[in-house]
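There are 2 protein chains.
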Amino acid sequence: MRNIKLTLEYDGRRYQGWQKLGDSDKTIQEKIESILEKMTEEKIEIIGSGRTDAGAHARGQVANFKTESAMSLSDMHGYLNRYLPKDVAVKEIAEVPERFHSRYNAKSKQYSYYVWNDKVRSVFNHHHSYYHPMKLDLEKMQEACEKLVGTHDFLGFSSLRKSKKSTVRTIDSIAIEEENGMLKFTFVGEGFLYNMVRILVGTLLEIGDGTLDISVIDEVFDTKVRKTAGITVPAQGLFLDEVTYD
Amino acid sequence: MRNIKLTLEYDGRRYQGWQKLGDSDKTIQEKIESILEKMTEEKIEIIGSGRTDAGAHARGQVANFKTESAMSLSDMHGYLNRYLPKDVAVKEIAEVPERFHSRYNAKSKQYSYYVWNDKVRSVFNHHHSYYHPMKLDLEKMQEACEKLVGTHDFLGFSSLRKSKKSTVRTIDSIAIEEENGMLKFTFVGEGFLYNMVRILVGTLLEIGDGTLDISVIDEVFDTKVRKTAGITVPAQGLFLDEVTYD
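Chains as they are written, first to last, in the working numbering: chain A, 1 to 246; chain B, 247 to 492.
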């Protein structure tokens, strides 16, 4: 059995997220599986590094699948990019050891989130960013980022109700960059809880525009109460940039 | 009579270009005029700095219109951005002297053209760039740009058959920048002939990938024969960035 690793780019706008829902074509996973099945004439199951939300995008989602096909990697690469829809592409393809597992072996992930912060809405970026016109105090937001980085129980910054599994996570870094009205938030960490990046961005924006005080962060860490934190910003601004393996 | 100057941004994908065609809603000019007429309850004609092609975009198209409305500029700005569709926005609004004319007074224009130059197509930029996967010799293309800059008869680099008016134009500069697989061509000049930017980009790409020799430029200047030059790249990669006035 060969084990093939794909690095994928997709525009999530038309999809119900990564994860298979049933027998539909509305998720990225199903879309890719159906083309792999035509290509290999085998039943294929692809394993993603993790789910991405309905409407969220990826520049570097990683997935792997097993096959007995003898097709060359470069032929597979050509086949997939020819038959995949315009909003999904295979950036890289590689053969990996049989034990490689996209989800279990992922060491770290990078997400970015885009916020258009200008008096006038953007005609070009409205499908790939969230529009927040209020003036933002970037210095205060940077200060808030420093409080978030590190190892904490992020339950209150997630959409999980309760969890039997640990909700302690480590964020390695959060960066905020601004260019011509577009704010880019970049998060790097070993893993993120459900909706965690989107709630962290919502909270940072509300700290930045004065709706919330910076003390909200310690409060959410203490109480673990979701509703104390900021809004969940929409998926359209979210990109899975990169998944790192050893 | 007040004379109002608008700086406009639009995603041209859904439109038949700037210029009014008749009684339809398919051009940017008609879209904006119909909203201005509701706003002012007057018959409005807007004058653009020039046409943009069907499918081409703008970051800084300039237009002006005359009105007797007493509405404040900031109310007009708010009204327009509320009622314009998501793919058209007014970036700036200003009151200008009555003799100001967007087309006659334009001193210089900047256009940019985007080319996605990578082995794998881009899922995010396919509506706003042209995909040219072949390897390009950027140095040779820069050399070609130096030959194009300056004052020449550009008839052979346009879609005009013949012209009673002069087809001599001056290009002040052409820049080619590359970032993560995206090439950006920037043209600055006092004015450009019909399809001239798109044919120049097509010619530069064909010089870059080896289809055409660099000598084609002098040949087209000499013979003025359109078919000797490169292809007309599609409008989807073209942006009118800026119009400059004294």
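We treat Cβ as the ideally placed atom computed from N, Cα and C, and that holds for glycine.
Reduced DSSP category for residue i - H, G, I as helix; E, B as strand; rest coil
i        : result
ALA63/A  : strand
ILE32/A  : helix
VAL233/A : coil
ARG407/B : coil
ARG50/A  : Note on residue identity: the sequence assigns Gly, not Arg, to residue 50/A. Looking at GLY50/A - three-state DSSP - the assignment turns out to be coil, as it is neither helix nor strand.
THR151/A : strand
Host beta strand (DSSP E) of residue i (start-end)
i        : result
PHE431/B : 428-435
VAL297/A : In this structure chain A extends from 1 to 246, so residue 297/A is not present and cannot be described.
SER354/B : 354-362
SER173/A : 168-179
ASP241/A : 238-244
THR474/B : It is not in any beta strand (DSSP E) - THR474/B carries neither H nor E in the DSSP assignment.
THR7/A   : 2-10
GLU291/B : Counting along the chain, GLU291/B falls outside any beta strand (DSSP E), and DSSP gives it neither H nor E.
GLU338/B : 334-342
N-terminal and C-terminal residue of the alpha helix (DSSP H) that residue i is part of
i        : result
ALA390/B : 384-394
ILE217/A : 216-223
ASN105/A : It is not in any alpha helix (DSSP H) - ASN105/A carries neither H nor E in the DSSP assignment.
GLU328/B : Checking the sequence shown, residue 328/B turns out to be Arg, not Glu. Here the alpha helix (DSSP H) through ARG328/B covers 319-329.
7 angstroms CB neighbourhood of residue i in its chain, flanking five on each side removed
i        : result
VAL443/B : TYR357, TYR359, PHE433, LEU484
SER173/A : VAL149, VAL188
ARG121/A : TYR131
GLY437/B : LYS355, ARG415
GLN388/B : ILE422
Same chain, Cβ closer than 6 angstroms to residue i, five either side skipped, listed in chain order
i        : result
HIS303/B : ASP257, GLY258, PHE485
LYS66/A  : MET1, ASN3
ALA94/A  : LYS5
THR397/B : THR416
PRO234/A : TYR130
THR490/B : LYS353, SER354
MET285/B : TYR325
Sequence-distant residues of the same chain with beta carbon closer than 8 angstroms to residue i, five excluded per side
i        : result
LEU406/B : THR413, LEU439, TYR440
HIS347/B : ILE293, ASN310
SER34/A  : ASP25
LEU84/A  : LYS31, ILE32, ILE35, VAL90
GLU177/A : LEU183, LYS184, THR186
VAL308/B : LYS251, LEU252, THR253, LEU254, GLY294, SER295, SER348, ALA352, VAL489, TYR491
GLU37/A  : LYS43, ILE44
Any non-hydrogen atom of the ligand NAP within 7 angstroms of residue i CB
i       : result
LYS26/A : Although the ligand NAP was asked about, the structure shown includes no ligands whatsoever.
CB contact check: residue i to chain D, cutoff 8 angstroms
i        : result
GLY208/A : Protein chains in the displayed structure are A and B, and chain D is not among them.
**Q.** Members of the region 353-377 of chain B near chain A, C-beta cut-off 8 angstroms
**A.** VAL366, ARG367, SER368, VAL369, PHE370, HIS372, HIS374
Q: Please confirm if the region 460-474 of chain B is in contact with the region 390-403 of chain B, defined as three or more CB-CB distances below 8 angstroms between the two stretches.
A: yes
Q: Check distances from the C-beta atoms of the region 315-329 of chain B to those of chain A and list, in chain order, the residues that come in under 7 angstroms.
A: ASN327
Q) Does the region 273-280 of chain B touch the region 127-137 of chain A, meaning 3 or more C-beta pairs lie closer than 8 angstroms? A) no
Q | Short-range partners of chain A found in the region 301-312 of chain B, where Cβ spacing is below 7 angstroms | A | none
Q) Which residues, in order along the region 6-30 of chain A, keep a beta-carbon less than 7 angstroms from a beta-carbon of chain B? A) GLU9, TYR10, ASP11
Q. Is the region 247-266 of chain B touching the region 296-310 of chain B in the sense that three or more CB pairs, one from each, lie closer than 8 angstroms?
A. yes
Q.
Check whether the region 475-484 of chain B and the region 444-455 of chain B touch, using three or more Cβ-Cβ pairs below 8 angstroms as the test.
A. yes
Q) Does the region 460-467 of chain B come close enough to the region 411-428 of chain B to have 3 or more Cβ pairs within less than 8 angstroms? A) no
Q) Looking at C-beta atoms only, is the number of pairs between the region 363-375 of chain B and the region 313-324 of chain B that lie closer than 8 angstroms three or more? A) no
Q) Between the region 86-102 of chain A and chain B, which residues of the former have a C-beta closer than 8 angstroms to a C-beta of the latter? A) Of all residues in the region 86-102 of chain A, LYS86, ASP87, VAL88, ALA89, VAL90, LYS91 have a Cβ within less than 8 angstroms of some Cβ in chain B.
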